[in-house]
Amino acid sequence: MADVKGNKLTQSQIEELAIHLENAELEAYEVTKITDDFPDMTYDDAFDIQWEIRRRKEARGNKIVGMKMGLTSWAKMSQMGVEHPCYGFLADYFSVPEGGDIKHDELIHPKIEAELAFVTKAPLKGPGVHIGDVLRATDFVMPAVEVIDSRYKDFKFDLKSVIADNSSSTRFVTGGRMADVADLDLKNLGVVMEINGEVVEVGAGAAVLGHPAASVAMLANMLGERGEELPAGSFVMIGAITAAVQVNKGDSFCVRYQDLGTISGKFV
Amino acid sequence: MMNKEQIIQCGDELFEAMCNRSTLRPFTERYEDITIEDAYHISLRMVERRVAAGERIIGKKIGVTSKAVQNMLNVHQPDFGFLTDRMAFSEGQEMPISEQLMQPKAEGEIAFILKKDLMGPGVTNADVLAATDCVIPCFEVVDSRIENWQIKIEDTVADNASCGLFILGDKAVDPRKVDLATCGMVVEKNGSIISTGAGAAALGSPVNCVAWLANTLGQFGIPLKAGEVILSGSLVPLEPVQAGDYMSVSIGGIGSASVKFV
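First to last, the protein sequences are chains G and C. Going by the numbering used here, 110 is the number at position 110 of the first sequence; the sequence numbering is gapless. Going by the numbering used here, 1169 is the number at position 169 of the second sequence; the sequence numbering is gapless.
This is the structure:
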């Protein structure tokens, strides 16, 4: 991401924006995108806000249980008008059991996406991480469905604003069958998303940056820019294979994965 | 309903349009009372002309099966047509679209090769699986003899389901070995991934498509025959192509097919 290095915001502005965005998440209300008020903010500022939200949650006793990539398909980037993928973290309370209920009232305007999750068995530290490194470091792959919920009005944002907003993370469901990467054709792996029994989206692994493992490599490389790594045992969601689909209270979903079973859930 | 002379004339016009690479005004504009049955009989006449000119029928196709394609063409039910030996190409062969087609669009799909006849009505998806020898990755390049693809369902059924040419990949897989509803599809054009999809895009499963085709043709007394190639419909949006383009399709658990357009 070519941009001004370093910060344009002060530490206290970063902390205030983190509180502003985290409150919007916790209390489920919309805000205007933060670049409207801070047009000069940098990508470093945006990531600092996200990491400050993460610090606040950990200080409150929440555990960070995984990472996610967002905006990893070319279609999605063009749909949202952004030019690069982004990452976010997953807090413990984001996790919803397979077949479980997701409380729609706790969210603003949720959408669901069919994804895959990689669980690692060795650390990955960028720069220079490639697909081969990711496959070697992967313990197993399993299906995942992400619920995204931008805190921004009408789901409209730019890349800096969405990074600060923890890349729209809010809930996820994982389950189905686990599998070794050697037993899967990840690029051609098909997914079928059904809402209330109707097929609404289909896709294959290659929709994510050409290969699902490329998304994990990009995450390791982006974290490397901050001197961070993905430790062994990380749970990483790769970003949407299908378009994000809006869901309403009462909707149930089932996502079917080639060779990996299904994941279902319900919005109540 | 159209009369017999009109049907023959329309079939002949389509055959000549194909041979001369010219397009026709939509039949649905010229014959307001055209029915799907009329259209089917027009297609039979067009195919009869092709057979008289030396072509051999080797299979059948269903088209317009996915929402993506239905929305693109604004046609909201499947169509069906006949495949001849002249349409079939093999993996690695060049496909002469600039000589033979007018407004070609490529689509990735799954071809079924049958080992038993299927005769509707009453064909179920289990019957289709039991009658399938193997499935093969396929690129179908559709073309329309109707100007600017301004087709309604009757136009495309009359025009033999907008059949153009097709290419079969070099791997055949037993249908027992692959989940045809969830198998993923990735289409690349000139080195870029342009679309992905999965089996369920076509009427919930490509198997459902073949059952639909057997039951629909069964109404006209036509079976799907052992040894025939059945194209089950695109799993991705149609992609316009021109000479010089190179495309490949890969299908999870099945294999891939590639084609160079000249």
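From the three backbone atoms N, C-alpha and C, an ideal C-beta is built for every residue, glycine too. Quantities reported herein were computed from a predicted structural model and do not represent experimental measurements.
Between residue 155(G) and the ligand SAH, is there a pair consisting of the residue's CB and a ligand heavy atom that are separated by less than 8 angstroms? The ligand content of the structure shown is nil, which means the ligand SAH is not present either.
Is the shortest distance between the beta-carbon of residue 1129(C) and the beta-carbons of chain G less than 9 angstroms? It does not; no Cβ of chain G falls within 9 angstroms.
What residues in the segment 185-203 of chain G have a beta carbon less than 7 angstroms from any beta carbon of chain C? Against chain C - using a Cβ distance shorter than 7 angstroms - the residues of the segment 185-203 of chain G are 185, 187, 188, 189, 190, 191, 192, 199, 202 and 203.
Which residues bound the beta strand (DSSP E) around residue 254(G)? Unbroken beta strand (DSSP E) run through residue 254(G): 252-257.
Interface residues of chain G around residue 1142(C) at Cβ under 8 angstroms? The premise fails here: residue 1142(C) is roughly 20 angstroms from chain G at the closest Cβ pair, so nothing lies under 8 angstroms.
Does the Cβ of residue 218(G) have 16 or more other Cβ atoms within 10 Å, making it buried, or fewer, making it exposed? Buried.
Using the Cα positions of residue 1038(C) and residue 1032(C), report the straight-line distance between them to the nearest angstrom. Their backbone Cα atoms lie some 12 angstroms apart in a straight line.
Do three or more CB pairs link the segment 147-163 of chain G to the segment 30-45 of chain G at distances below 8 angstroms? By the Cβ rule, the segment 147-163 of chain G counts as touching the segment 30-45 of chain G, because three or more pairs are nearer than 8 angstroms.
Selected residue, minimal CA-CA separation from residue 1014(C), among 1002(C), 1003(C), 1004(C) and 1027(C): For residue 1014(C), the closest alpha carbon among the candidates 1002(C), 1003(C), 1004(C) and 1027(C) is that of 1027(C).
Under 7 angstroms by beta carbon: chain C residues contacting residue 206(G): Ordered by position in chain C, the residues that pass the 7 angstroms Cβ test against residue 206(G) are 1186, 1193 and 1196.
Starting from residue 1063(C), trace the alpha helix (DSSP H) both ways and give me its first and last residue. Careful: residue 1063(C) lies outside any alpha helix (DSSP H), inside the beta strand (DSSP E) at 1057-1063.
Which residues share a DSSP beta bridge with residue 69(G)? Answer is 87(G), bridged to residue 69(G).
Got a sec? Which residues, its chain only, sit under 7 angstroms from residue 35(G) by beta carbon, not counting five neighbours each side? Closer than 7 angstroms at Cβ, skipping near neighbours: 41, 158, 160 and 161.
In its own chain, which residues sit with a C-beta less than 8 angstroms from the C-beta of residue 1173(C), not counting the 5 before and 5 after it? Closer than 8 angstroms at the Cβ level, and outside the excluded window around residue 1173(C), lie 1134, 1135, 1136, 1253, 1254 and 1255.
If we define contact as Cβ-Cβ less than 9 angstroms, is residue 1179(C) a contact residue for chain G? Judged by the 9 angstroms Cβ criterion, residue 1179(C) is in contact with chain G.
Please report whether the beta-carbon of residue 1017(C) lies at a distance below 9 angstroms from any beta-carbon of chain G. With 9 angstroms as the cut-off, residue 1017(C) does not count as an interface residue toward chain G.
Within-9 angstroms CB hit, residue 1182(C) to chain B: As a matter of chain content, chain B is missing from the structure shown, whose protein chains are G and C.
By the DSSP assignment, the beta strand (DSSP E) with residue 1220(C) in it spans what residues? Under the DSSP assignment, residue 1220(C) falls outside any beta strand (DSSP E); it carries neither an H nor an E label.
Could you tell me whether the segment 81-96 of chain G touches the segment 183-195 of chain G, where touching means 3 or more Cβ pairs closer than 8 angstroms? No, they do not touch.
Leaving out five residues before and five after residue 1193(C) in sequence, what residues of the same chain have Cβ atoms less than 8 angstroms from its Cβ? Cβ neighbours of residue 1193(C) beyond the five flanking positions: 1186 and 1187.
Residue-chain proximity (residue 1136(C), chain G), Cβ-Cβ < 9 angstroms: It does not: the Cβ of residue 1136(C) has no partner Cβ on chain G nearer than 9 angstroms.
Tell me, please, whether the CB atom of residue 1201(C) is closer than 9 angstroms to any CB atom in chain G? At least one chain G Cβ lies under 9 angstroms of residue 1201(C).
contact_flag[the segment 208-222 of chain G, the segment 237-244 of chain G] where n(CB pairs < 8 angstroms) is 3 or more: In short, these stretches touch, since the Cβ pair count reaches three.
Please classify residue 50(G) as buried or exposed, where buried requires at least 16 neighbouring CB atoms within 10 angstroms. Under this definition residue 50(G) is a buried residue.
Measuring CB atoms only, is the segment 119-138 of chain G touching the segment 76-84 of chain G, in the sense that at least three cross pairs come out at less than 8 angstroms? Put simply, the segment 119-138 of chain G does not touch the segment 76-84 of chain G. Fewer than three CB pairs are less than 8 angstroms apart.
On the DSSP bridge list, what partners appear for residue 1211(C)? Beta-bridge pairing links residue 1211(C) to no other residue.
Under 7 angstroms Cβ-Cβ, which residues of chain G neighbour residue 1250(C)? Listed along chain G, the residues sitting closer than 7 angstroms to residue 1250(C) by beta-carbon distance are 188.
Show which residues of chain G have a CB atom less than 8 angstroms away from the CB atom of residue 1253(C). Those are 185, 188, 258 and 259, listed as they occur along chain G.
So with Cβ pairs under 9 angstroms, would you call residue 239(G) a contact of chain C? For residue 239(G), the closest Cβ of chain C is not nearer than 9 angstroms.
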